[in-house]
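Numbering (this note's numbering), first residue to last: 4 to 868.
See below:
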């Protein structure tokens, strides 16, 4: 059976058993910061297992795409060197949410393997947890599995998704590849060898592991199973290595063609074939190569593949061309891959071009370090130098070292990294921000959604990072109130400013920050004194707050507009909401066209003109998901979240705790002022709203009026007039260049008459009026041709600046070097220069010294001769 046929047979079998077919979830886990990537089929059902979410089915089946290339579950180092390790794989699974339990889970698995796939029972081996007598009885007494092909294991048969979360005992099914393959049964001394291969894991979810390790019983015992598609395909297709199955063979052939390597057993081809799957699907799911988090893992995967292509002799971009083969192989099962093909190819090509510029330099340094190595371990400082200077990931260094039989001092590398972090922290320190050190247990009640002024009691005061009972006039410190209308910096929105006043005291709030659940008001006492227990009136700077709200609300409309115009792959990668502008970073692989930028501006301003009400609702996370609210991946949300909806027909719906306008019309006007690159695969937009947008439009109008006046045109025709003048300027520049070439040609003939013989060698050192460096080079070639055998130094001056070109015909370079002559002359005119023995360039900043420098050339040449 082909891989696609096995996938479909599995889903169809469990559908007949009453399971709902559930599509694969994204490789980026939604609202689950405990996971770097989706690494198992049950990830998308985690909250269902925990009883936090209910669905309209109690049993499900899926083919889930998974990545294990970072965090706790990381197979990256082994990929390409073993028969079954992958960064990307497909997990076939069936799940019960409080419906059936061990008996049916075991029956389904056995029936699918032995009946649907026709595997002989005598080639299967079953294991259970040492404590699980119930599962053992079902296998041995009800299913009739031979006791000779059955074992009880301890740690290997207890499954958990992470350090916390759903877990329970498991039962594994192994396939016996035969006596001609080395290895023993599971649990034996050589059980880790290749004869017995695990193909299915049945997890009986009974517990929820807490932070302290305690196992709490789940509300309803459930079942989570997983069977690796690649492993079962190897069994069905009669091969031992996953890389021999149909799915991989086609990718290996494509990789072989792209790299020029014909050996499909080559380990580097295996790495490339595996990595195009993970890279292709990660980009499809919105991850972009970067230097942190998921983006950094993706970059490591891509660069590892490129390094192996380079090892095979391919030094040109090739990796992006494999996306077509991946779509051909998996596009039917995962249509989103086919839809995003062009974007995936562009992202990979951009990364290839960027890394190509550093790979050769890094490899040269690494090769030199390995050649000079005294011992069999590469020092950590070398690994760090490669990473810090050349962008060479440590795992690539380890990869190359392993191929040469060398170890890598990763502990030394980590020490170098920590030293760099310390330097960065020291360099980044400005003043004393004591709030970072504070450990505050207080909880501030935030009233700022409804009010911009309020009354509250002073709960705590801090000066120089220490708790105090009072702050006097002139003191700079921090105030914690029991209740405040001041918004603390969070979610990209800057903190509020304003005044705290009471009983003769005035405290100017210059910033508001958050530590734990407390809002910290940072500022200076201007009058009187503040004491713990005082009651104060808190006044937020209302105009500043309103400007911030306009920019924050516009950020949400911008995000929605970007997704409409560019595609669903757009995800927020960072933001700043200030009173005078907004900044929004988002995942996208190329610059916006003028048309796209106009479309985005138009969409946002239409929503502003619609003047629709902005609404917020408090609801639990499950309800927010069902309502279609967008959550930021990697963010940790509370059980109760604020869902912000704005625009007509729910144009934007996001989770957000910031402060916002009441109606979209309050934003006034939206204007993009900048669109640029923020990082590889990440674009940045800066924009302004309200009065700041009006000011930006006025500035543009004034600039256009000035341009129109300069070119003697009306503003409406200014662009056409500027274009015409630019074209005329280019024509004139070309004409000047032609005249200079003509001058050089003529000067070449005239200048040869100035050459003098020194020791039998023609020497020419002269100034060429009106020339630039390029003209000097052209003139040099002409003079060389005419003199035949000579030493030449040509110069030109423009104000104080001096341009120099030296030339020596090849018959003389064993006696006189152009580079040496250039250094000699350039130093005399306050500059420097150098080059090859036959040609050199340089310059200086002291034109007054040029005549004497030229006069000395003949004597210098005579010395050399």
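Heads up, the beta-carbon is just placed ideally off N, CA and C, and yes, glycines get one too. Model, not experiment: these values are computed from the prediction.
Q. Rounded to the nearest angstrom, how far is the Cβ of residue 832 from that of residue 847, given a contact under 8 Å?
A. Contact check for residue 832 and residue 847: beta-carbon distance about 3 Å, within the 8 Å limit, so the pair qualifies.
Q: Examine the Cβ distances between the stretch 348-358 and the stretch 312-326 and report whether three or more of them are shorter than 8 Å.
A: In this structure the stretch 348-358 touches the stretch 312-326; the number of beta carbon pairs closer than 8 Å is three or more.
Q: Indicate whether residue 821 and residue 843 have their beta-carbon atoms separated by less than 7 Å.
A: Going by C-beta atoms, residue 821 is nearer than 7 Å to residue 843.
Q: Buried or exposed for residue 754, please, with buried defined as at least 16 other CB atoms from any protein chain shown within 10 angstroms of its CB.
A: By the 10 Å Cβ count, residue 754 comes out buried.
Q. Who are the near neighbours of residue 104 in its chain, counting only those whose CB is closer than 8 Å to its CB and skipping five residues on each side?
A. Around residue 104: 207, 224, 225, 226.
Q: Tell me, please, which residues DSSP counts as bridged to residue 130.
A: DSSP lists 154, 175 as partners of residue 130.
Q) Applying the criterion that 16 or more other CB atoms from any shown protein chain within 10 Å of the CB defines a buried residue, is residue 47 buried or exposed? A) Buried.
(Q) Could you compute how far the alpha carbon of residue 650 sits from the alpha carbon of residue 171? (A) Taking the straight line joining both Cα atoms gives about 46 Å.
Q) Fully enclosed by the stretch 335-362, which alpha helix (DSSP H) runs are 4 residues long or longer? A) Qualifying alpha helix (DSSP H) stretches, in chain order: 338-342.
Q | Classification of residue 452 by the beta-carbon crowding that lies within 10 angstroms, buried from 16 upward | A | It is exposed - the Cβ of residue 452 has fewer than 16 other Cβ atoms within 10 Å.
Q) Taking DSSP as the reference, what is the three-state secondary structure of residue 294? A) Here residue 294 sits in coil by DSSP.
Q. Should residue 233 be labelled buried (16 or more other beta-carbon atoms within 10 Å of its own) or exposed?
A. The residue is buried, with at least 16 neighbouring Cβ atoms inside 10 Å.
Q: Check each candidate in 191, 603, 156 and name the one with the smallest Cα separation from residue 175.
A: It is 156 whose Cα lies nearest to the Cα of residue 175.
Q) Can the beta-carbon of residue 90 be found less than 7 Å from the beta-carbon of residue 72? A) In contact: residue 90 and residue 72 (Cβ atoms closer than 7 Å).
(Q) Under DSSP, the alpha helix (DSSP H) around residue 110 begins and ends at which residues? (A) Element bounds for residue 110: 105-114.
Q. Can you find a heavy atom of the ligand MG that lies under 6 Å from the Cβ of residue 688?
A. What this structure holds is no ligand at all, so the ligand MG is not there to describe.
(Q) Using a Cβ-Cβ cutoff of less than 7 Å, which residues in the same chain neighbour residue 283 once the five nearest sequence positions on both sides are dropped? (A) Only residues of its own chain outside the window of five on either side were considered, and among them 326, 329, 340, 347 have a CB closer than 7 Å to the CB of residue 283, listed in chain order.
Q | Alpha-carbon to alpha-carbon, residue 142 and residue 219 | A | If you take the alpha carbons of residue 219 and residue 142, they lie about 27 Å apart.
Q. Near residue 588, which residues of its chain fall below 6 Å by C-beta distance, leaving aside the five closest residues on each side in sequence?
A. Sequence-distant partners of residue 588 (beyond 5 residues in either direction) whose C-beta falls short of 6 Å from its own C-beta, in its chain, are 576, 577, 681, 685, 687.
Q: Measure from the alpha carbon of residue 466 to the alpha carbon of each residue in 788, 483, 498, 457, then state which is nearest.
A: For the residues 788, 483, 498, 457, the minimum Cα distance to residue 466 belongs to 483.
Q. So what does DSSP say about residue 4, is it helix, strand or coil?
A. Looking at residue 4 - three-state DSSP - the assignment turns out to be coil, as it is neither helix nor strand.
Q | Three-way DSSP call (helix, strand, coil) for residue 397 in this model | A | Looking at residue 397 - three-state DSSP - the assignment turns out to be helix.
Q.
Out of 197, 296, 192, 231, which one is the CA nearest neighbour of residue 183?
A. Checked all of 197, 296, 192, 231; the closest Cα to residue 183 is 197.
Q. With DSSP run on the structure shown, which of helix, strand or coil describes residue 584?
A. In the structure shown, the three-state DSSP call for residue 584 is coil.
Q) According to the neighbour-count rule (16 or more other Cβ atoms, all chains shown, within 10 Å of its Cβ), is residue 580 buried or exposed? A) The residue is buried, with at least 16 neighbouring Cβ atoms inside 10 Å.
Q. Do residue 557 and residue 670 have their C-beta atoms closer together than 7 Å?
A. A contact, by the Cβ cut-off of 7 Å.
Q. Under 7 Å, do residue 14 and residue 24 count as touching if we go by C-beta distance?
A. A contact, by the Cβ cut-off of 7 Å.
**Q.** Residue interval of the alpha helix (DSSP H) (run including residue 97)
**A.** Not the alpha helix (DSSP H): residue 97 falls in the beta strand (DSSP E), residues 91-99.
Q.
Could you pull the DSSP bridge partners for residue 204 from this structure?
A. Bridge partners of residue 204: 175, 229.
Q) Taking all protein chains shown into account, do 16 or more other C-beta atoms lie within 10 angstroms of the C-beta of residue 571, making it buried, or fewer, making it exposed? A) Looking at its Cβ environment, which holds fewer than 16 other Cβ atoms inside 10 Å, residue 571 is exposed.
**Q.** Contained beta strand (DSSP E) runs [length at least 3] in the stretch 466-518, N- to C-terminal order
**A.** Taking only runs of at least 3 residues, the beta strand (DSSP E) segments lying wholly in the stretch 466-518 are 469-471, 473-475, 479-484, 501-505, 508-518.
Q: For residue 49, count neighbouring C-beta atoms within 10 Å of its own C-beta (all shown protein chains included) and say buried if the count is 16 or more, exposed if not.
A: Taking all protein chains in view, the Cβ of residue 49 is crowded by 16 or more other Cβ atoms within 10 Å, so the residue is classified as buried.
Q) At which residues does the beta strand (DSSP E) containing residue 796 begin and terminate? A) Start and end: 793-801.
Q) By Cβ distance, which residues of its chain are closer than 7 Å to residue 725, with the 5 residues on each side in sequence left out? A) Taking residue 725 as the centre and dropping the five residues before and after it, the same chain places the C-beta of 710, 714 closer than 7 Å to its C-beta, in chain order.
Q: Return helix, strand or coil for residue 326, following the three-state DSSP convention.
A: Per DSSP, reduced to three states, the secondary structure at residue 326 is helical.
(Q) Could you pull the DSSP bridge partners for residue 811 from this structure? (A) In DSSP, residue 811 forms a bridge with 794.
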